[in-house]
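In terms of this note's numbering, the sequence shown opens at residue 12 and continues consecutively.
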Amino acid sequence: MKHARIQQRDFFDPAPDLNIEPLNAAEMEAPRGEPIAIPCGFMTKTNERCQRLANRPVMLEGHQMTCRSRPMLFCDPACYNASKRADEIIADPSA
Numbered sequence: 012m013k014h015a016r017i018q019q020r021d022f023f024d025p026a027p028d029l030n031i032e033p034l035n036a037a038e039m040e041a042p043r044g045e046p047i048a049i050p051c052g053f054m055t056k057t058n059e060r061c062q063r064l065a066n067r068p069v070m071l072e073g074h075q076m077t078c079r080s081r082p083m084l085f086c087d088p089a090c091y092n093a094s095k096r097a098d099e100i101i102a103d104p105s106a
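Right, dumping it as structure tokens:
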């Protein structure tokens, strides 16, 4: 029985094109949409709505991380560990 010799293809053959066009001003704008808190998703450890204290952007190499064009923010551990409901904690500062 004769076996055919299979040659494995290199993913970088031919070499990838590294001449990437820079983003224009419209593409560099801040992402739109309601932010996403990580790792909690704006929920406490008891799976209730949290105080929404997340405000520090998740950055990677100087660029803000997004998920489906929504900015990602780090959640404050104190908010995640809170036991009170968000309605009881959030108060209107103008009132």
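No residue lacks a Cβ here, since even glycine has one placed at the ideal position from N, Cα and C.
Contacts around G44, its chain only, beta-carbon distance under 8 Å, and the 5 residues preceding and following it disregarded
R79, S80, R81 and P82
| said: On the DSSP letters alone, give me the boundaries of the alpha helix (DSSP H) that P88 sits inside. | reply: P88 to Y91
message = Taking the straight line between their C-alpha atoms, what separation do you get for H74 and L84?
response = 13 Å
Nearest-angstrom Cα separation, counted from M54 out to A93
Distance between the alpha carbons of A93 and M54 is about 10 Å.
Secondary structure of A65, DSSP reduced to three states
A65 falls in the coil class under three-state DSSP.
Quiz prompt | Cut-off 6 Å between Cβ atoms - residues of its own chain near C51, not counting five sequence neighbours on either side | solution = Within the same chain, C51 has close Cβ partners C86 and Y91.
Note to self: From the DSSP secondary-structure annotation, give me the bridge partner or partners of M83.
What the structure shows: I47
- Query: Is there at least one non-hydrogen atom of the ligand ADP closer than 7 Å to the beta-carbon of N66?
  - Reply: Within the structure as shown, the ligand ADP is missing, as the structure has no ligands at all.
| task | Please determine, among M76, R63, I47 and E32, the residue with the shortest C-alpha to C-alpha distance to A107. | result | No information on residue 107 is available, as it lies outside the stretch 12 to 106 that the chain covers here.
- Is N30 helix, strand or coil when you go by DSSP? The answer is coil: DSSP assigns N30 none of H, G, I, E or B.
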